[in-house]
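Reviewing the structure listed below.
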Amino acid sequence: MFFLRLLTAIVSCLAAASALAQSPPPIAPGTASDTYFGTNVADPYRALENAKDPEVAKWFRQQADYTRATLDKIPQRQRIYDEIVKYGDAASARVTTLQVSNEYIYYEKRLANENVPKIYVRRGYAGAERLLVDPDALGMTDGKHNAIDYYAPSPDNKYLAYGVSIGGSENSVLHVVDVATGKETGDVIDRAQYGSPSWLPDNRLVYSRLQQLGADAPVTDRYQNQRVFLHKLGTTADQDVALLGAKVGTTNIAPTELVFAFNPIGSRYLIGAVVNGVQREVKFYAVPLAAVAGADTPWTQVTATSDDVTDGAIVGDNAYLITHKDAARFKLLKVSLANPDLAHAEVVLPASESVITGVAAAKDALYVRRMNAGISEMMRVEYSPGARAKKLQLPFAGDIDSIASDPRQPGLAFYMGGWTRLGGWYAYDSRTGKVADTRLQPSGPYDNPTDLVSTEVKARAADGTMIPMSIVHKRGIKLDGGNPTILYGYGAYGISQTPFYRPTFLPWFERGGVLAVAHVRGGGEFGEDWYKAGYKATKPNTWRDAIACAEWLVANKYTSAPRMAIMGGSAGGIFVGRSITERPDLFGVAIDEVPASDLVRMEQSANGVPNIPEFGSAKDAEGFKALYAMSAYYNIKDGEKYPAVLLTTGINDPRVDAWQAAKMAARLQAASKSGKPILLRIDYDAGHGIGSTKTQAYQERADIFAFLFWQFGVQGFAPGNG
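What follows is the structure, given as structure tokens:
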């Protein structure tokens with residue numbers, strides 16, 4: 000493969016863009032507008048919010064067909080897809096979630112020739128594997144696939160509760176299977192999105208369920224009045240008794256708060272968790288199992304929102320709680336569930352330069368996950384009074400993505416990967432003091448490439464803050480300003496961008512591509528302060544940090560504006576959308592996946608209400624001001640020369656409605672004068688990407704890479720002129 004350099008790339012990009020000069024199907028702008036606190040806000044494409052309108056549905060289909068036809072005309076698009084399949088399926092299987100239940104190991108696994116993960120069980124890591132739940136065996140509904148959303152084994156390993164949904168909707172239906180026989184018990188409960196099942200010692204099931212909505216109920220009611228129920232196997236869900244939630248008992252829970260409950264193994268307490276939508280701080284409650292009595296259950300509040308507790312683990316009658324109260328990088332406290340008093344709680348692990356990101360309880364000790372400059376640490380703290388934390392020797396420097404333990408068993412299991420290696424599932428043996436590969440994840444020939452390198456750098460933001468950036472590429476690339484480059488980021492909810500690697504990115508790297516991950520404010524890389532510096536009124540830091548990182552990449556000759564793409568999804572739509580609307584000259588392409596683009600109107604959607612704690616409300620002046628500033632849709636200017644843009648959405652998306660991407664696409668198509676394509680890619684058997692099949696993920700990645708190579712002028716990708 001021969002690569003064109005900077006001058007040729009600019010010419011080729013312009014030629015390639017003109018090769019498909021015909022426009023996508025337009026939709027007439029409307030006159031909708033609103034006035035917020037004296038500011039008139041025009042919303043010309045509000046009609047696209049009404050998916051039931053036949054004309055809107057027709058426009059969506061036309062957009063999807065136009066985009067599909069356009070992408071299919073890109074030479075070598077199929078070759079890219081074939082390479083993705085080759086690299087992605089080279090390992091015999093991929094193992095994702097894992098849970099430890101006494102001596103049993105449960106996990107989701109997808110074989111290379113399969114499309115969705117299935118649930119397996121084995122006794123010990125070396126035990127014989129047995130298929131337990133196959134979502135394909137449940138049959139298709141309206142031609143849409145099934146996917147597992149969550150699962151939970153009973154403590155005695157007799158039953159497994161799991162949630163399954165269709166078409167990426169995440170609209171889970173809860174099932175129960177007998178572990179010994181693999182047969183369904185017949186217990187089926189709908190409206191179990193975020194069902195979070197947990198088992199009591201007598202094998203009654205505790206789960207969360209959404210309310211039954213009337214036909215005329217507003218969509219904003221969807222996640223309100225959720226409740227925790229207690230279910231006895233063999234009975235119908237209509238007989239289940241509510242234990243926690245709005246208008247249940249005396250806990251004074253608001254209709255907008257989400258509620259969950261679980262019985263930690265070995266504890267005589269049932270724990271209730273109450274969260275205000277996506278807000279990280281949790282209100283915890285506790286009640287002895289013997290006192291559980293339906294709506295009359297006498298819950299004791301353990302933490303308040305003001306205690307800044309975000310996570311925890313239960314050991315017997317004690318709670319070990321992670322909090323950022325007076326500790327921006329978090330500390331770990333111990334409190335009694337019988338007499339909770341956070342003001343006088345024991346500090347088990349004090350705050351440090353590292354950010355505490357998780358805790359798990361095992362028989363021998365607590366295991367605390369920390370992060371330092373994006374690299375994970377694992378601390379082991381024995382239960383004896385005054386015990387000092389000891390750092391485990393990990394197999395390599397990287398990210399611990401998830402942890403699993405059981406209070407009845409010593410040790411810990413965890414998944415670990417890096418920027419240039421896939422990694423796998425590892426286990427710490429407390430008897431030997433060593434970490435070993437469980438071998439649950441088979442190693443593929445492309446899982447640990449030796450010719451990829453990663454570099455950590457920092458870019459200076461507009462206010463002087465140094466923004467970390469992780470850069471991955473093939474060894475030996477030339478810094479001449481001509482490398483195709485993806486600048487990826489997110490910057491919301493305090494979620495950190497930690498090391499990851501996927502073999503399906505190899506077609507990008509092998510053609511000289513660079514991946515730069517920007518650790519912008521709004522993420523959690525440096526704790527609570529970093530998160531809140533890109534939040535609501537401070538949200539502009541998120542996209543201006545992205546702009547600073549893009550400028551650094553150009554200044555240091557990794558790439559140039561015509562050969563740089565900015566990429567992100569969901570809340571990362573703010574990262575992408577506001578970067579290209581503020582600096583359209585800085586990017587050649589934007590990949591805007593399932594994007595939050597209209598934050599002012601998001602509050603009118605089902606998932607908008609739970610997101611008010613993160614973004615704010617347009618019902619107050621300061622909230623509106625921040626939402627208007629972060630909404631890319633309202634910051635598009637007529638006549639501006641915007642980059643080429645590929646927007647993606649799933650028609651069943653429960654998190655960011657498809658109209659968000661649609662309105663953004665329609666506005667850009669009407670406004671941009673660059674002549675570059677603005678494409679809206681719609682998947683009618685997908686949602687937010689969660690629960691999508693392997694083939695769907697591979698096809699989308701092939702579309703993105705082919706679109707990028709076309710727009711960057713890489714030889715052989717321009718439709719019509721090679």
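At position 689 of the sequence shown (counting the first as 1) the number is 688 in numbering that gives the first Met the number 0, and the numbers step up by one without a gap. C-beta atoms are modelled at their ideal positions from N, C-alpha and C, and glycine is treated no differently.
- The beta-carbon separation of V40 and A46, rounded to 16 Å, does not stay under the 8 Å limit for a contact.
- In the three-state reduction of the DSSP assignment, D33 falls in the strand class, which pools E and B.
- Per DSSP, the unbroken alpha helix (DSSP H) holding P506 starts and ends at 505-509.
- Here L209 carries a coil assignment [DSSP, helix/strand/coil].
- Residue state for L707 is assigned as helix, using DSSP reduced to three classes.
- Beta-bridge annotation (DSSP): W198 is paired with L204.
- Separation of A303 and V644 (C-alpha to C-alpha, rounded to the nearest whole angstrom) is 44 Å.
- With 16 or more neighbouring CB atoms inside 10 Å of its own CB, V115 falls in the buried class.
- Across the set D450, L451, D584, G423, the C-alpha of G423 shows the shortest separation from the C-alpha of G443.
- The alpha-carbon of V175 is positioned some 6 Å away from that of L159.
- Going by beta carbons, Y119 and L131 fall inside the 9 Å limit.
- About 14 Å separates the Cβ atoms of N224 and Q192, ruling out a contact at the 8 Å cut-off.
- The C-alpha of D81 lies about 28 Å from the C-alpha of S168.
- W58 is the residue among A549, D52, W58 whose C-alpha sits nearest the C-alpha of A661.
- When the Cα atoms are used, L320 and S616 turn out to be separated by approximately 30 Å.
- Note on geometry: alpha-carbon atoms of R387 and L478 lie some 47 Å from one another.
- In this structure, DSSP gives M468 an extended state, which the three-state scheme calls strand.
- In the three-state scheme derived from DSSP, where H, G and I count as helix and E and B as strand, H343 is classed as helix.
- Here P152 carries a strand assignment [DSSP, helix/strand/coil].
- Here K693 is buried, its C-beta having at least 16 other C-beta atoms within 10 Å.
- Looking only at Y382, F413, G385, the smallest Cα-Cα distance to L391 is reached by F413.
- Setting aside the 5 residues that flank it on each side, R369 is surrounded in the same chain by S351, S353, V354, I355, T356, S375, E376, M377, M378, each with a C-beta closer than 8 Å to its C-beta; the list follows chain order.
- Rounded to whole angstroms, the separation of the alpha carbons of N610 and R407 is 37 Å.
- Excluding five sequence positions before and after G37, none of the CB atoms of its chain fall closer than 8 Å to its own CB.
- By the Cβ criterion, the region 577-589 is not in contact with the region 231-241, since fewer than three pairs of Cβ atoms, one from each stretch, lie closer than 8 Å.
- Our two residues, M566 and Y487, have alpha carbons roughly 5 Å apart in a direct line.
- DSSP places M139 in no alpha helix (DSSP H); its state is neither H nor E.
- Setting aside the 5 residues that flank it on each side, H323 is surrounded in the same chain by D307, F329, E527, each with a C-beta closer than 6 Å to its C-beta; the list follows chain order.
- Secondary structure remark: continuous alpha helix (DSSP H) runs of at least 4 residues inside the region 553-599, in chain order: 571-581.
- Straight-line measurement puts the Cα of K556 at about 48 Å from the Cα of Y222.
- Straight across, the Cα-Cα distance linking L204 with R121 is about 23 Å.
- Using a C-beta cut-off of 8 Å, the region 455-471 makes no contact with the region 558-575, since fewer than three inter-stretch Cβ pairs fall below that distance.
- Judged by beta-carbon spacing, A589 lies beyond the 9 Å limit of P502, meaning their Cβ atoms are not closer than that value.
- Residue E621 holds the alpha-carbon nearest to the alpha-carbon of T537 among P653, G475, Q496, E621.
- The beta carbon of F508 lies closer than 7 Å to those of L451, H472, K473 in the same chain, with the five residues before and after it left out.
- It is roughly 37 Å from the alpha-carbon of L678 to the alpha-carbon of E256.
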